[in-house]
Structure formats: C-alpha cells, structure tokens
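Asks: So in numbering that gives the first Met the number 0, spot 270 of the sequence shown is number 269, and the numbers just go up one at a time.
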Amino acid sequence: MVKPLRKAVLPVAGLGTRFLPATKATAKEMLPVVDKPLIQYAVEEARAAGIEQFCFVTGRGKAALVEHFDIAFELEQTLLERNKQAELDLLNDMKVEPGSIVTVRQQVPLGLGHAIWCARAFIGEDPFAILLPDDLVLADTPCLAQLAEAYQRTGGNVVAVTEVPPEQTNRYGILKIGKDDGRMVEVTGLVEKPAPKDAPSNLSIIGRYVLLPEVIDHLARMERGAGNEVQLTDGMARMIGNSPFHGLRYEGRRFDCGDKVGFLEAQIAFALKRDDMAPAVRDFLKTYIKDCI
Ligand code: G1P
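1) In or out: D133 buried (at least 16 other Cβ within 10 Å) or exposed?
2) Taking Cβ positions, are Y208 and I129 nearer each other than 7 Å?
3) Compute the beta-carbon to beta-carbon distance between E162 and L202, rounded to the nearest angstrom, for a pair I have assumed lies under 8 Å.
4) What number of angstroms, rounded off, separates the C-alpha of Q105 from the C-alpha of N91?
5) Since M183 and L263 are thought to touch, with beta carbons under 8 Å apart, how far apart are those beta carbons, to the nearest angstrom?
6) Have a look at Q151 and K259 and give me their C-alpha separation to the nearest angstrom.
7) Throw me the rounded Cβ distance for the E185 and G177 pair, which I believe falls under 8 Å.
8) Would you say T232 touches the ligand G1P, meaning its beta carbon is less than 6 Å from a heavy atom?
9) Span of the alpha helix (DSSP H) holding D290?
10) Inspect the beta-carbon positions of I215 and R119 and report whether they are closer than 7 Å.
11) Would L211 and I115 be called neighbours here (beta carbons separated by less than 7 Å)?
12) Just to confirm, does L111 get its C-beta within under 6 Å of one of the non-hydrogen atoms of the ligand G1P?
13) Run the proximity test for G206: is its beta-carbon closer than 6 Å to any non-hydrogen atom belonging to the ligand G1P?
14) Shorter than 6 Å, the distance from the beta carbon of P40 to the closest heavy atom of the ligand G1P, or not?
15) With a threshold of 6 Å, establish whether the CB of Y171 neighbours any heavy atom of the ligand G1P.
16) By DSSP's criteria, Y208 is part of a beta bridge. Which residues make up the other side?
17) Nearer than 6 Å: is that true of the beta carbon of V274 relative to any heavy atom of the ligand G1P?
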C-alpha cells in the first residue's frame, strides 16, 4: 500500500535579493502575479493535489506569509457591511483548515537541502511534497497533482522535469536518465548545477517534488555540495537504487518568478487566462509590440 500524500514543505526563507528593492521589507513570496501572491498559488496547487498539512520553512521578515492565511476579521466585517460579496468570496476561498499551516525557522541560509531538513519533525515518517513558490506552473491539471498521481503509481520519489537549453544546465538540478517512455523517465543519477560539459542530460528539475522521508537521513549528513551549500539534489541522489525514482515531464508551462523576465512573462500569461483582463491585455500587447519592434 502506497502511503497517502498529505504533507507539503514550502521553503520560503530566501532573501529575494534579485528583487531588491521590492523585497527590502516584503517577502518575495508575497509578490503578486496579477492579484495573487506567489505563496498562495503554491498553497492552492498543493491543496488541489490533496495536501492537507503545510510547513513553511521561513526566516526573518517572513511574518506576512503566515498572516496571509489567517482570518482577517476586521477586513471581512468591513467588506460585509459594504456588501462586497465578490471580495468576501475571494477571502473565503483561500481559507485553510485551522492548524494546517506550521512554520519552522531556517536560522542560517545553508541551502535548499538544509531548509528541507529543518522540516524533519513535520515530515516524520510520511511522504511529502516540496513546492518552490518561485516556480509557477500554468497547467490544466496542476503540476503537483500530476506528480501525486505518478507517486501513487510508483510508490517512490517523483520530481517534475523539463528540457532546458544545454547552456543552462548550470542553473538547475540535472538528471541522468535510464528508461524513458517520453513522459516518465527513470532517474539513475542527479547532479546539482553542472557545467554544460559535465551535464549528464539537459533534463532539469523544476520546483515540484514528491519525496520519501528517507531523504532526511541523507540530508542530515550536512555534506556541502554546489555553491558550498547543503543541496537537496545530493540528498535525493543518495536514494537512487534504494527506492523508485522518476522524473515526470509535466504538462504545462513553467515560469521562473525568481527571475525578473520570468516574473513579467508570468504576469502576462496569467492575465491572458483571465476573462476580465484578457481582451484589454491582448489589445495592449498588439499595439505595444507593433510600436516596439
Ligand atoms: C533549486 C534546486 C535545483 C532546481 C531548482 C528549480 O535551485 O537546487 O536543483 O533545479 O531549484 O527551480 P535554485 O533555483 O534554488 O538555485
């Protein structure tokens, strides 16, 4: 019997230096794409995949992330008095079960692997998902739900993967590939941010994972990898051979919202999906692009 997937860890301790000055006094995960903060996209995607318990791995200055999911009594009361039903519905839709979000602190920035290890008490003996809120995926079936389905079938580790231009392998965790049916690939090795000449493929991991709890034992060794950080990729690599490990070429389009251009692309793509905005945005793009090129 495959253990049900109910837990998700969201590493949100990063300083967001690439978005300064916007992130000087605001968590980068609170930056909105259209009108919703990145953290809310991640939580909603997790809920759509059956996740019930969330652990935010936070750091200093991240209080707004927790606040965002709390009940805003005065705001709701004011909206009620003013008959703002649509706005109230927005707030109601995002309510999570009481007690379903916990936080742990990553006191020192020692890397993504260290951040996940900080959530070890929350993870316990259960399989868990990881969502990196910087990676936003526009998809008909939410990306984590696709991974959860693959996890149900294999009972093992599954990471979301996509091909990147060969010269960009040094930005991602890269797979060494075994059997490949076009959608699911067997992972035979993993390397964090290899130089193009050392990369075993150009299939890269994006910020969605379903992992078995054993990864924590490997991370606990605190071995430093690329960038002298404790890398999640290295901890995962140690599970290969002991439990099934697959990459899933997810359906959808990923936007790197940790990057300014990726963030801008996401704004446009998500606005074009909105009935209330798409016609105006399309008109703007048509005339603006004509004037620019
Ligand atoms: C992290 C992971 C990397 C993964 C990437 C996806 O890197 O370490 O393996 O490919 O997220 O976004 P970061 O973007 O934190 O440098």
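Just so it is clear, CB atoms sit at the ideal spot from N, CA and C, and this is done for glycine as well.
Replies: Well, looking at it:
1) buried
2) yes
3) 6 Å
4) 30 Å
5) Rounded, the Cβ-Cβ distance is 32 Å, inconsistent with contact.
6) 36 Å
7) 4 Å
8) yes
9) A277 to C291
10) yes
11) no
12) yes
13) yes
14) It is worth fixing the name first, because residue 40 is Tyr in this sequence and not Pro. Not under cutoff, so the answer is no.
15) yes
16) I129 and V158
17) Looking at the sequence provided, one finds Asp at residue 274 rather than Val. No, the Cβ of D274 stays beyond 6 Å of every heavy atom of the ligand G1P.
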